[in-house]
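Presented below is the structure to which this report refers.
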Amino acid sequence: MLKVIERTKIWFSISLSIIIVGMLMWTFKGLNLGIDFKGGTVVTIKMDKEPDNSALEEIRKISAKYDSSAQVQKVGTDEVTIRGNAISDEQIPKLYKEIKDKFNLKEEKPRYTDRIGPSIGKELRRNAIYSSLVAVALMLIYISLRFEFKFGVAAVIALVHDVLITIAVYVFLQIPVNSSFVAAILTVLGYSINDTIVVFDRIRENSKKGIFNNRKELVNGSVTQTLTRSINTVLTTLFTITALYIFGVSSIKEFALPLIVGILSGTYSSIFIASPIWYVWTEKKMA
Amino acid sequence: MQVKTKSRLKFLISTVLIVLFAYILSSGLIVGDYKISSIGEITKLGLDLKGGVYIEEEIKGDNVSKETIERTKQLIELRVNALGVNESVVTVTQQNRIRIEIPGVYDAENALKQIGKTGKLTFRGPNNDVVITGEDIKDATVGVNQQTNQPVVQLKLNEAGTKKFAEATQKYVGQVISIYMDEERVSAPVVKSVITTGEAIIEGSKDIEEAKRLAGIIKSGALPVELVPATVKTIGPSLGADAIPTSKKAAIIGIALVMLFMAIYYRIPGIIADLALTVYIMLTMLIFTTVLKGTLTLPGIAGLLLSIGMAVDANVLIFERIKEELKLGKSLRTAVDAGFSRALPSILDSNITTIIAGLVLMWLGSGQVKGFALTLVTGVICSMFTAITVTKFLLKNFVNSNWIDNKKMYGA
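Top line first, the protein sequences correspond to chains A and B.
In this text, residue positions in the first sequence follow this note's numbering: the first is 1, and each later residue adds one.
In this text, residue positions in the second sequence follow this note's numbering: the first is 1001, and each later residue adds one.
Structure below.
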């Protein structure tokens, strides 16, 4: 039998330190808000060969003519993105042509361009926060009805844990936060709750059967019984999402990486966070 | 017939059917004159996979009525169609924005010009003097000249227009009266006779499409509202060209790994889960393309693949339970039955909570997120269904067939 409850402090410390570092960086460095949230323009260019630093500098110089605050970044092996706040729809083709002529690029058009007004970003942000809160509230109600309120709260704390860890990945790696960020967070929510419920379901079943001597054994035993399932399911999920991360185009990669971490965190939290929280809370009340 | 033989037949027939359907769906089938399209052929691809221009126009001004927005949408449709592309989609979003998707066009600047132009229609005489304007026209429709069998545009003018047009055609008979949209000459018909009835016919369109376009332009008139492009995206042709094969590769490798893992770890139940997973993939794809009429986008592909990885979860739950029952020394048949019934509450509770999250996203989420949630919810429901029905049916019949009785092959 796993000794999960006995080492509660270790699990909580690991998670808390990752989250605190993540939050500190979030405060000081901030999230790399993409244009979906901030508004602005992105132009992605496919170069014929991998651009070196001097090529990037050249592109930077050209972009600065259109927008002095423009940022130029290499993505993947042969793509370059230019991000700016003041590049207009009319300027994009001119900017591309200048770069195309400079480097003799084969492609007639930029690979991808995107300009979003600032009002849309605000809406999206509000929408993202709002829809997550509604989803969590409804899940809490469902779990409270099917199990008990304390299971619901423990599951929601595990969810917050996974969301914070996923956000930490965005902060650490400075992945641009766009509308796919919302999808990533909500997938992690869905996966994490799914995983936690399976463990709680086992605790409920074992508790009815009364096969364990005490609550500590009940939790440890239930976690152990569901462990193989937790591991196998996370493995099969990671097979497909990692394949996407390895083979996908750059926008898919940006989406897949936080998902991989979030899903791992979801598995971890259902075992090492949600169950101990439920144990500590219910045990205190009884003593 | 014996139970054993019956079960063997049921299992074999189902397996052959699953493999056959999977083959037909993935590569299509041609039998004589009948052709069944493969799933790849009937799936509609989103703009991010096809390439094209995506524009969201914001309507300026408060309290714009539903009718005005609808009229604006129709006018934009006419203008977008004038760019000469099929399959363009113009929709009104919840926030009263007009979303325009034009596949196969990569010149956003030109598309914006076409959509946003003031749209002042004028008929001008040979001296560039304005004869009538868009306001004088009641209707423009497409018809066919009975004698020449050529497509024509039929014009109907209102009272003021009829009078002005009668004077003009009298003045310019035998000369050209050109039709201008803003400063662009769209047609230059010759006045053949004086028109006093307020009904005129414009000949000379090459085909019915051209006549339709001309009628559309004449009818379109000025936009009733001011539009500001809030979002403009162009997805270059190379992005989609790269995204499809790379996603396909990821899908094949990811699914193969999942299937291999299940077969190696769970042996016979694992192989049966792989058959159920095949049914699952076919079912989700079919529902997605035919019932939901969904459009496959890049995040949609990610959602679909993610759901495939998660789809075996219900099977894993069931097989783990069967293993536990076998370890308790129960017979194969009892263990399989108990495994399914014991795992059911977990499967239901865990999936329902996920579905709740998905439904909220479909309800409140914006554009791309909605599509992602839709594939996820469809996936979760289908995976529950296939695990509870397909896996159960196949596994029970396989156990009853007495082919392999060794409990080790079932995970004990």
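Cβ coordinates follow ideal geometry from the N, Cα and C atoms, glycine included.
When you compare the CB of A/Val-80 with every CB in chain B, is at least one pair closer than 7 Å? By this cut-off, A/Val-80 is not an interface position.
Within chain A, the residues that B/Val-1360 reaches when beta carbons sit closer than 7 Å: Within chain A, the residues placing a beta-carbon under 7 Å from that of B/Val-1360 are Ser-131, Val-134, Ala-135, Leu-138, ordered along the chain.
Count the other CB atoms, across all protein chains shown, that sit within 10 Å of the CB of B/Tyr-1023; report buried if there are 16 or more and exposed otherwise. B/Tyr-1023 comes out exposed.
Through-space distance from B/Asp-1107 to B/Val-1053, alpha-carbon basis: Going from the Cα of B/Val-1053 to the Cα of B/Asp-1107 covers about 7 Å.
Using a Cβ-Cβ cut-off of 7 Å, state whether B/Leu-1277 counts as contacting chain A. By this cut-off, B/Leu-1277 is not an interface position.
For A/Met-139, which residues from the same chain have a beta carbon less than 7 Å from its beta carbon, with the 5 sequence-adjacent residues on both sides left out? Ile-193, listed in sequence order.
Helix, strand or coil: which one does DSSP assign to B/Leu-1292? Three-state result, B/Leu-1292: coil.
Kindly indicate if chain B contains any beta-carbon less than 7 Å away from that of A/Thr-237. At least one CB atom of chain B sits nearer than 7 Å to the CB of A/Thr-237.
Measuring alpha carbon to alpha carbon, tell me which residue in B/Gly-1104, B/Ile-1195, B/Thr-1278 is nearest B/Gly-1240. Residue B/Gly-1104 is the option with its Cα nearest to B/Gly-1240.
Compare the C-beta of A/Ser-180 against all C-beta atoms of chain B and say whether one is closer than 7 Å. Interface flag for A/Ser-180 against chain B is set, since a Cβ pair is found closer than 7 Å.
Going by DSSP in three states, A/Glu-98 sits in which element: helix, strand or coil? In this structure, A/Glu-98 counts as helix in the three-state DSSP scheme.
Buried or exposed by the 16-neighbour rule on C-beta atoms within 10 Å, applied to A/Arg-202: Within 10 angstroms of the beta-carbon of A/Arg-202 lie 16 or more other beta-carbons, which makes it buried.
Using the three-state DSSP reduction, which class does B/Ala-1200 fall into: helix, strand or coil? In this structure, DSSP gives B/Ala-1200 an extended state, which the three-state scheme calls strand.
Using a Cβ cut-off of 8 Å, pull out every chain A residue sitting near B/Ile-1132, in sequence order please. Residues of chain A passing the Cβ test: none, with the nearest at roughly 33 Å.
Please look up how many angstroms separate the CB atoms of B/Gly-1236 and A/Glu-107, rounded, as I've assumed it's under 8 Å. Indeed, because the Cβ distance is near 7 Å, the residues count as touching under 8 Å.
For a cutoff of 7 Å on Cβ pairs, would you count A/Ala-287 as touching chain B? Confidence at A/Ala-287 is low in this model, with a pLDDT of 49, below 50, so the placement of that residue is unreliable and no value is reported for it.
Applying the 10 Å Cβ sphere with the 16-neighbour rule, what's the burial state of A/Gln-225? Buried is the call here.
Kindly list the residues whose CB is nearer than 7 Å to the CB of B/Ile-1076, restricted to its own chain and excluding five residues on each side of it in sequence; keep chain order. Apart from the 5 residues on each side of it in sequence, B/Ile-1076 sits with its Cβ closer than 7 Å to the Cβ of Val-1090, Ile-1098, Ile-1100, Ile-1115 in its chain, given in chain order.
Secondary structure at A/Lys-9, three-state DSSP: helix, strand or coil? A/Lys-9: helix per DSSP, three-state reduction.
Listed by chain order, chain A residues near B/Leu-1317 by CB distance under 9 Å: Around B/Leu-1317, the beta-carbon contacts reaching into chain A at under 9 Å are Val-198, Thr-226, Arg-229, Thr-233.
Starting from the N-terminal side, write out each stretch of the alpha helix (DSSP H) that is 4 residues or longer and does not extend beyond the region 1073-1150 of chain B. As far as the region 1073-1150 of chain B is concerned, its whole alpha helix (DSSP H) runs of at least 4 residues are 1108-1116.
With H, G and I counted as helix, E and B as strand and the rest as coil, what does DSSP make of B/Ser-1007? Here B/Ser-1007 sits in helix by DSSP.
Own chain residues within Cβ distance below 7 Å of B/Ile-1102, not counting five before or after: Here the set comprises Gly-1052, Val-1053, Val-1080, Leu-1083, Val-1085, Ser-1088, Ala-1111.
As assigned by DSSP and simplified to three states, the class of A/Thr-77: DSSP places A/Thr-77 in coil when its eight states are reduced to three.
Using beta carbons (cut-off 7 Å, strictly below), is B/Pro-1299 in contact with chain A? Chain A contact via Cβ: present.
Checking contacts by CB at 7 Å: is B/Leu-1305 closer than that to chain A? Chain A has a Cβ within less than 7 Å of the Cβ of B/Leu-1305.
Check whether the region 1381-1401 of chain B touches the region 267-282 of chain A, counting contact only when three or more Cβ pairs, one atom from each stretch, lie closer than 8 Å. With the rule of 3 Cβ pairs closer than 8 Å, the region 1381-1401 of chain B does not count as touching the region 267-282 of chain A.
Work out the CA separation of A/Arg-215 and A/Ala-287 for me, nearest whole Å. Confidence at A/Ala-287 is low in this model, with a pLDDT of 49, below 50, so its placement is unreliable and the value that follows should be read with caution. Going by the C-alpha atoms only, they are around 12 Å apart.
Looking at the secondary structure, which residues open and close the beta strand (DSSP E) in which B/Leu-1227 lies? Run containing B/Leu-1227: 1227-1235, per the beta strand (DSSP E) assignment.
I'd like to know whether the C-beta atoms of B/Val-1142 and B/Ala-1200 end up nearer to each other than 7 Å. Cβ atoms of B/Val-1142 and B/Ala-1200: not closer than 7 Å.
Cα-Cα separation between B/Thr-1297 and B/Asp-1349, rounded to whole angstroms: Distance between the alpha carbons of B/Thr-1297 and B/Asp-1349 is about 30 Å.
Please state whether the Cβ-Cβ distance between A/Arg-125 and A/Phe-37 is less than 7 Å. Judged by beta-carbon spacing, A/Phe-37 lies within the 7 Å limit of A/Arg-125, meaning their Cβ atoms are closer than that value.
Amino acids of chain A, ordered along the chain, whose beta-carbon sits closer than 9 Å to that of B/Lys-1408: Chain A residues near B/Lys-1408: none, gap ~17 Å exceeds 9 Å.
For the beta strand (DSSP E) holding B/Glu-1183, just list the boundary residues, first then last. The continuous stretches of beta strand (DSSP E) do not include B/Glu-1183, and DSSP gives it neither H nor E.
What residues are listed by DSSP as bridge partners for B/Leu-1157? Residue pairing by DSSP places B/Leu-1157 opposite B/Ile-1137 in a beta bridge.
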